[in-house]
Amino acid sequence: MRWQRVVVLLLGAVAVGAAAAEVELHYFWSATCPDCMVMKAYLAELQERYPELRVVAHEVTFSPGNWRMMATLGQAYGLRKEVTPTVFVGNLAVAGVGLAAELQIEEEVLRCQAEGCPSPLERLPSKLRRVLSPLEIVLLLAVGAVFAWLVWGRG
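Under this note's numbering, the first residue of the sequence shown is numbered 40, with each subsequent residue one higher.
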């Protein structure tokens, strides 16, 4: 009798797994962000537990286009700041790390598996926000400093 319950539970789990919808999660990270490595490890673990989860990673430090995509998605989801790591899945946008963020992400992944969710990229408008990435700001400051030195610094 006990083994029959185990078989029924296993068959039920297989049926639920087969019916689960694919879930698309977008993860924005920076090469200079230690918290991003924490989130990356968590998302890898989450992907092992939920094979239907597809994590799409976007590095933003050296890709101004990815930075603009993150800023535009953040605005569409109601985020007020552009920070890394940021995760978009279903109706959820989470910036930062920690147990609360992890629990929210897993809960939304489970909801999207059960109900289905469109890709977060569907919230992107046709044009990305016109915002400078940190790399572009640094480059502009460096060019400005060189120009100032050339004009005024040669005494």
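Positions of the beta carbon are idealized from the N, C-alpha and C atoms, including for glycine.
Bear in mind the structure is a predicted one, so any value in this text is a computation, not a measurement.
- Measuring C-alpha to C-alpha distances from His97 to each of Glu84, Met108, Glu91, Arg88 identifies Met108 as the nearest.
- For the pair Tyr116 and Arg162, the CB atoms are nearer than the 8 Å cut-off.
- In the structure shown, Glu63 adopts extended strand secondary structure according to DSSP, grouped into three states.
- Val126 is positioned such that its CB atom lies no closer than 8 Å to that of Met76.
- CA-CA distance, Leu142 to Ser158, rounds to 20 Å.
- DSSP, reduced to helix, strand and coil, places Arg119 outside both helices and strands of the structure shown, so it counts as coil.
- Taking 8 Å as the cut-off, the beta carbon of Glu145 is found no closer than this to the beta carbon of Leu64.
- One Cα belongs to Glu147, the other to Leu189, and the distance between them is close to 54 Å.
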